Amino acid sequence: METIAKYPFKFYTRLTLPQLTGIYALNLKELLEGIKNADDSIIYYHTHHYLIQHHYVVPDAPNDFAHWIIHTLGEKLLGEEISSIDMFNYTSMTDYKQELIKRLSAFISKDSKTRKVEINERFNFMKAATFVMSTGKEAYTLKEFSDILKNITIFSVYYHFFESHFRLGPGLDDFSVWIRSELKLPDLAYKIQNLDPYSVTMDRLKTQIIKYTEKYI
Amino acid sequence: MRSIKDYADIVGNETIEEIEKLGSYLNGKIVQNINSTPVGGGVAEILSRMVPLLKEVGVDARWDFIKGGERFFEITKKIHNSLHGVEENISENDFKHFLEVTEENLKDINLIGDIIFIHDPQPIGLIKAKDKNGFKEKKFIWRCHIDLSSANVKTFNFLKKFIEKYDYSVFSSPLFSKKLKIPQILISPSIDPLSDKNKDLPDETINEVLSRFKIDPERNIITQVSRFDRLKDPLGVIDVYRLVKKHVDCQLVLAGGAASDDPEATEVYNEVIEKAGGDKDIFILNLPPISNIEINALQRASTVILQKSIKEGFGLTVSEGLWKSKPVIASAVGGIPLQITHKYSGLLSRTTEGTALYVKQVLQNPEYAKQLGENGHNHVKHNFLITRHLRDYILLFLKTGYPQMQDTVYL
């Protein structure tokens, strides 16, 4: 017998409009200074926008800082270190930023002779205006949930899977919370909750969640 | 006339639904676009596609033009070139005339929009209307389609006085912007996948075009589509072809226009003809501006597409090539690195020899070429199609309804 939720899952979506801050870096020291002065929205943009912009590809450097350090500055070792900082270990952007600052400072104190790039290779600090909107779609059953999931954009998946970590706490996403509390399917919730969204593409993540849910229908 | 629904097959119905829902939040608002001309040029081309689509998703979009005589447009042409870093002699009288024409337009144009969306420098002075009674509530946006990175200081400072009175500015690339006191939004340009230049073509059309120009469909085809302009380095492309041809059989297509009123273009075209020296495998096609199907067919028939520019604006011909799932090798200049991730969605080169090496690699490794083309197609699909551009414009218009400092808007 199909479980019908008391409260439906309401699908929202999240869209962004990138904005330039006018601040840029030409070398590692300027990058560090920029990060120190950046607010959370700037750090968030540079650690998350690639997930949307390249949602069909697993990038070699999963954030803009690491990408620039590897591909423009040519500091592969540092780049790999910055790439591998696990976002899930930090409860806020401020904590993640402190870790970034610590690692960059340590590298600079050991090796201050880093490359200065041309102006057209600069790192531009950016942020984004975010728009959250209801899609008007809601699910009361797992079947409805799965069907809707097939017909929403990755921006919606992003909202419920990534933004939720900041709303609900680390490791928590809207999908698994609803499936556990409303549909009483803790095993399915556990599987979804344990997906690592930072190391798979958004397309793959969406497909994987659909696959998991279909097994329980 | 194309409908927004026609794009669903390409970007998915869910994307179209999202855009339509976003558009509904602008109901009752008038968005008034103003530029200098209804036809000709990239801005008019974008607006002619964008305005009907905005209307279709419920945005009351209008499109008006400023007036200006021959002298005014000669001056704005000089301003345009000077913003691109070209040495121009713009006199105080020229600036004075620019301001006089601006005043005339301020009297003539009915600024009816709730959001006034001004495109490029020609109508920039209309911001002066903001000081008038009844205009305080209107939002003014300046959309810069030009690369300002090497702008002449005097010209830029003249415009800056106007720019900084706007509520928002919009640039196509982070590299094209300048330090400004107002918020700078980043919106990349786009291609229309359903236009004649980019739509799918039947094999018969492609073969007919190749046959018309006597190009052999069975042999490798290297193509560069661009104006006959030194900054596009067509002579360098011939050097690349000759380096490649030493090892791999190929043909070269240089397709572009050489407008009769542009003496330099004709000069460059003649230099290209001379450099080709009668080589039967080099096809120099001086095509009229309406040759969109021909350009499309040539790109689709190509084995590899080049964009060996020395300087470039955004370089949308790269996206056009990638959209056709072709391996594109392009110079790492202007907006091209935003479109190509090196060795993933294409190849970025910096020298003639490097370009030739990449062409040989691609011609001799069809699987690699295919992978680059597929990745490039996906990148364009998600980032450089008109539907993304439309969504960004709607978000921009919505943003003007909230405080500038507000990072998150709940609709």
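Protein sequences, first through last, are from chains A and B. Mapping the first sequence onto my numbering, position 32 (from 1) lands on 32, and the numbers just tick up by one. Heads up: take any position in the second sequence, counting from 1, add 1000, and you land on my numbering. We treat Cβ as the ideally placed atom computed from N, Cα and C, and that holds for glycine. Everything numeric in this text was worked out from a predicted model, so none of it was measured.
Check: Is the beta carbon of B:L1306 less than 8 Å from the beta carbon of B:V1237?; Outcome: yes
Check: So, does the region 1101 to 1119 of chain B touch the region 1018 to 1034 of chain B, judging by three or more C-beta pairs under 8 Å?; Outcome: yes
Check: Residues of the region 1368 to 1392 of chain B with a CB closer than 9 Å to any CB of chain A: list them in chain order, please.; Outcome: N1375, N1378, H1379, K1381, H1382, N1383, R1391, D1392
Check: Please report whether the beta-carbon of A:I217 lies at a distance below 8 Å from any beta-carbon of chain B.; Outcome: no
Check: Report the residues of the region 1253 to 1287 of chain B with a CB closer than 7 Å to any CB of chain A, ordered along the chain.; Outcome: none
Check: Under 7 Å Cβ to Cβ from A:I148, same chain only, skipping five residues before and after it: list those, please.; Outcome: F11, K137, A139
Check: Since A:P18 sits in a beta bridge, which residues does DSSP pair it with?; Outcome: A:A128
Check: Does the separation of the CB atoms of A:P18 and A:M126 fall below 8 Å?; Outcome: yes
Check: Express the C-alpha separation of B:S1177 and A:S164 in angstroms, rounding to a whole number.; Outcome: 34 Å
Check: With a floor of 3 residues, list each beta strand (DSSP E) that falls wholly inside the region 1123 to 1199 of chain B, ordered by position along the chain.; Outcome: 1139 to 1143, 1168 to 1171, 1184 to 1186
Check: Cα-Cα, which of B:W1142, B:I1079, B:K1275 is closest to B:D1094?; Outcome: B:I1079
Check: At 4 residues or longer, what runs of the alpha helix (DSSP H) sit wholly inside the region 1259 to 1344 of chain B?; Outcome: 1263 to 1276, 1292 to 1301, 1316 to 1323, 1336 to 1339
Check: Does A:F11 get closer than 8 Å to chain B when you measure Cβ to Cβ?; Outcome: no
Check: Which runs of the beta strand (DSSP E) at least 3 residues long sit entirely within the region 1201 to 1232 of chain B? Give them in chain order.; Outcome: 1221 to 1225
Check: Is the shortest distance between the beta-carbon of A:A129 and the beta-carbons of chain B less than 8 Å?; Outcome: yes
Check: Return no unless some Cβ of chain B is closer than 8 Å to the Cβ of A:I152.; Outcome: yes
Check: Only counting the same chain, and skipping five residues up and downstream in sequence, which positions put a Cβ closer than 6 Å to that of B:D1261?; Outcome: Residue placement at B:D1261 cannot be trusted, given a pLDDT of 49 that sits under 50; what the coordinates show is reported in the next sentence. Excluding residues within five positions, none has a Cβ falling inside 6 Å.
Check: Can you find a C-beta in chain A that's less than 8 Å from the C-beta of B:V960?; Outcome: What the structure shows of chain B is the stretch from 1001 to 1411, and residue 960 of chain B is not part of that stretch, so it cannot be assessed.
Check: Looking at chain B, is there any beta carbon in it that lies within less than 8 Å of the beta carbon of A:S41?; Outcome: yes
Check: Going by other Cβ atoms of all chains shown within 10 Å of its Cβ, with 16 needed for buried, is B:Y1410 buried or exposed?; Outcome: exposed
Check: When the Cα of A:P197 is compared with those of A:L51, A:I217, A:E30, which residue comes out closest?; Outcome: A:L51
Check: For B:V1039 and B:E1045, what's the separation of their Cα atoms in angstroms?; Outcome: 7 Å
Check: Residues of the region 1004 to 1019 of chain B with a CB closer than 8 Å to any CB of chain A: list them in chain order, please.; Outcome: G1012, N1013, E1014, T1015, E1017, E1018
Check: Once DSSP output is grouped into helix, strand and coil, what is the label at B:D1064?; Outcome: strand
Check: Between B:I1284 and the rest of its own chain, which residues show a CB-CB distance below 8 Å, the 5 nearest in sequence each way excluded?; Outcome: L1254, Y1269, V1272, I1273, A1276
Check: Taking CB distances under 8 Å as the criterion, tell me whether A:N222 reaches chain B.; Outcome: No answer is possible for residue 222 of chain A: it lies beyond the span of chain A, which begins at 1 and ends at 217.
Check: Could you list which residues in chain A have their beta carbon closer than 9 Å to that of B:K1021, in chain order?; Outcome: T13, M133, S134, T135, G136
Check: Quick one: which unbroken alpha helix (DSSP H) runs of 4-plus residues sit fully inside the region 53 to 116 of chain A? Chain order, please.; Outcome: 64 to 71, 76 to 83, 93 to 110
Check: Where does B:I1115 fall in DSSP's three states?; Outcome: strand
Check: Is B:D1196 closer than 8 Å to B:N1292 when the C-beta atoms are compared?; Outcome: yes
Check: Report yes or no: is there a C-beta of chain A within less than 8 Å of the C-beta of B:S1226?; Outcome: no
Check: Would you decide whether B:V1153 is buried or exposed? Buried here means 16 or more other CB atoms lie within 10 Å of its CB.; Outcome: exposed
Check: Does A:T3 pass the burial test, meaning 16 or more other C-beta atoms within 10 Å, or should it be called exposed?; Outcome: exposed
Check: Decide if B:D1064 is buried, meaning its Cβ has at least 16 other Cβ atoms within 10 Å, or exposed.; Outcome: buried
Check: Closer than 8 Å is the cut-off here; do at least three beta carbon pairs connect the region 89 to 96 of chain A with the region 106 to 118 of chain A?; Outcome: no
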